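Some notes on the structure that comes next.
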Amino acid sequence: MNRYELLKKNENITFQYVKNGILSYMILRDIKIYESFNLLDDNISKEMKYIILGEENELSTKRIEQIIYNMNATIK
């Protein structure tokens, strides 16, 4: 089981880690972005998904692309 699966299955522990400063809230943001990316329609290009998620999260498309890349590397 990787870190992503552990975080998703143990939301109470994750919340406590964030609350106590052990885990950054940014990992929760990254997980949300990664899940949103995977839920977007497959007919939409990756670049368009980056733009959509960038607008929703007030981040640059390059940052969204980095988050997705890093999450894919961590999960797979």
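Here the sequence shown stands for residues 1264 to 1339, where the numbers follow our numbering. We treat Cβ as the ideally placed atom computed from N, Cα and C, and that holds for glycine. In this text, all values refer to a predicted model and were calculated from it rather than measured experimentally.
#1: Taking 9 Å as the threshold (C-beta atoms), are Ile1338 and Tyr1280 in contact?
#2: In its own chain, which residues sit with a C-beta less than 6 Å from the C-beta of Ile1327, not counting the 5 before and 5 after it?
#3: For Thr1324 and Asn1273, what's the separation of their Cα atoms in angstroms?
#4: Does the beta-carbon distance from Leu1322 to Ile1330 come in below 9 Å?
#5: Quick one: complete beta strand (DSSP E) runs, 3+ long, within the segment 1277–1314?
According to the structure data:
#1: no
#2: Tyr1313, Leu1316, Gly1317
#3: 30 Å
#4: yes
#5: none
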